[in-house]
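Everything below concerns the one structure shown next.
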Amino acid sequence: MNDPRAHLVIFHHAGGNAAALRTFAKSFPSDFNIILMEMPGRGRRRQEPLLFEADKVIQDFFPRIPAEDPIVFIGHSLGAYIAYLMASYCRTRDPYRNISLVAISNLPIHCRQYFPSLDLSDISQQQLLQFAELAGQLPDWLKQNERLMRQFLQVFAADLSVANSINTEQEAPLVNTPILVIYGKDDPLLPSPPYRWQECTQDTFQMIGIPGEHFILNQHETDISGMITRFIDKHYCMG
118 MNDPRAHLVI FHHAGGNAAA LRTFAKSFPS DFNIILMEMP GRGRRRQEPL LFEADKVIQD
178 FFPRIPAEDP IVFIGHSLGA YIAYLMASYC RTRDPYRNIS LVAISNLPIH CRQYFPSLDL
238 SDISQQQLLQ FAELAGQLPD WLKQNERLMR QFLQVFAADL SVANSINTEQ EAPLVNTPIL
298 VIYGKDDPLL PSPPYRWQEC TQDTFQMIGI PGEHFILNQH ETDISGMITR FIDKHYCMG
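The sequence shown lines up with residues 118 to 356 when you count with the numbering used here.
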C-alpha cells in the first residue's frame with residue numbers, strides 16, 4: 118500500500134478487553150498501524166475506574182487517536198458503537214480527513230437494545246448472565262469462579278450503561294464516512310440482517326453476512342481482516 122499509512126483503531130466488545138482482539142489485529146497486513154483500544158476498568162487499565170457514560174468514553178479515547186492520516190474505526194459488538202462515536206467525534210473536528218467505519222456483530226446504533234436494569238441486584242445479575250450466555254460470552258471457567266464472575270458482571274453492566282447513555286445527537290448519520298457492516302448469519306442477538314446500518318451514513322454502505330454466531334472474530338479473523346482491507350482499498354481510505 119502507498120503512504121500515508123492508515124490507522125486501524127479497534128474497539129472490543131462489552132465485558133471484554135483489548136487482549137481479545139490481538140489475534141484479529143495480527144491478521145492485518147503490516148502496512149497498517151494497528152491500535153487496540155481498551156476501556157478503563159479491565160485488562161491493562163484494570164486499576165482505573167469504570168466509565169458509564171458515552172461522553173466520558175469519547176473524552177477518554179480521543180487523546181489516544183492519531184491526529185493525521187487516514188483512519189478506520191473498527192468495533193465488535195459494543196465496540197461498534199464506540200467506533201461510531203469516535204468516527205463522528207473526529208469528523209466534527211476534521212471535515213476533510215479520510216475516516217471509515219467498520220461495525221461488526223451489532224444492531225444499528227439507532228436501533229440498539231436498551232438495558233433497563235443494570236444495578237447488579239439479583240434480578241439484574243440474572244438478566245445480564247442470560248444475555249451474556251445468549252451471546253456465547255460465558256466460558257465454563259468463568260462460570261465456576263465466583264470472584265471473576267462478579268468482576269465480569271461489574272464491567273459488563275458498566276459497558277452496557279455506556280450504550281444506554283448514547284444520545285440522539287451522537288447517533289446522527291455520519292457524514293463523508295463509508296461504513297462496512299459484517300455480521301454472523303447465526304448471531305442470536307441479531308434477529309434479522311442489520312440493514313438499517315445503511316441509515317447511519319450519507320456515504321457508501323456495504324454489508325456482508327458470514328457463517329457464524331456473535332463472536333465471529335474468534336472463527337473468521339483472517340477472512341474478516343481481508344474483507345476490511347478490500348473495503349479500505351476500494352473506498353479511497355489510503356487517499
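The beta-carbon is built from N, C-alpha and C at its ideal position, and this holds for glycine as well.
- Message: Less than 6 Å between C-beta atoms, sequence neighbours within five positions excluded: which residues of the same chain meet that for Q336?
- Response: Indexing the sequence shown from 1 puts residue 336 at position 219. Hits under 6 Å: G329.
- Query: Which two residues bound the contiguous beta strand (DSSP E) that contains G315?
  - Reply: On the sequence shown, position 198 is the one that residue 315 refers to. First, the amino acid is wrong: residue 315 is Gln here, not Gly. From DSSP, Q315 is part of no beta strand (DSSP E); its letter is neither H nor E.
- Message: Can you give me the C-alpha to C-alpha distance between E338 and Q242, rounded to a whole angstrom?
- Response: Taking the first residue of the sequence shown as 1, we reach residue 338 at position 221. Taking the first residue of the sequence shown as 1, we reach residue 242 at position 125. Rounded to the nearest angstrom, the two C-alpha atoms are 31 Å apart.
- For the beta strand (DSSP E) containing Y300, list its first residue and its last residue. Start at 1 with the first residue of the sequence shown, and residue 300 comes out as number 183. Looking at the DSSP string, the run of the beta strand (DSSP E) that includes Y300 is I296 to G301.
- Query: Pick from S222, Q261 and Q271: whose alpha carbon is nearest that of F332?
  - Reply: Here residue 332 corresponds to residue number 215 of the sequence shown, with the count starting at 1. Among S222, Q261 and Q271, the Cα nearest to that of F332 is on S222.
- Within 10 angstroms of the Cβ of W314, are there 16 or more other Cβ atoms? Answer buried if so, exposed if not. As a first step, residue 314 must be located in the sequence shown, where it is residue number 197. With 16 or more other Cβ atoms within 10 Å, it is buried.
- Query: Where does the unbroken alpha helix (DSSP H) through A204 begin, and where does it stop?
  - Reply: In the sequence shown, counting from the first residue as 1, residue 204 sits at position 87. It spans L195 to R210 - the alpha helix (DSSP H) in which A204 sits, taken as one unbroken run.
- Message: For a test of the three-state rule: what should DSSP assign to M344, helix, strand or coil?
- Response: Indexing the sequence shown from 1 puts residue 344 at position 227. In this structure, M344 counts as helix in the three-state DSSP scheme.
- Residue environment, R159, which counts as buried when at least 16 other CB atoms sit within 10 Å: Along the sequence shown, one-based indexing puts residue 159 at 42. The residue is buried, with at least 16 neighbouring Cβ atoms inside 10 Å.
- Member of C207, E185, Y300 and I296 whose CA lies at the smallest distance from the CA of K351: What you label residue 351 is simply residue 234 of the sequence shown in a count that begins at 1. If we check each option's Cα against that of K351, I296 comes out closest.
- Could you give the DSSP three-state label for M324: helix, strand or coil? Taking the sequence shown and counting its residues from 1, one reaches residue 324 at position 207. The answer is strand: DSSP assigns M324 an E or B state.
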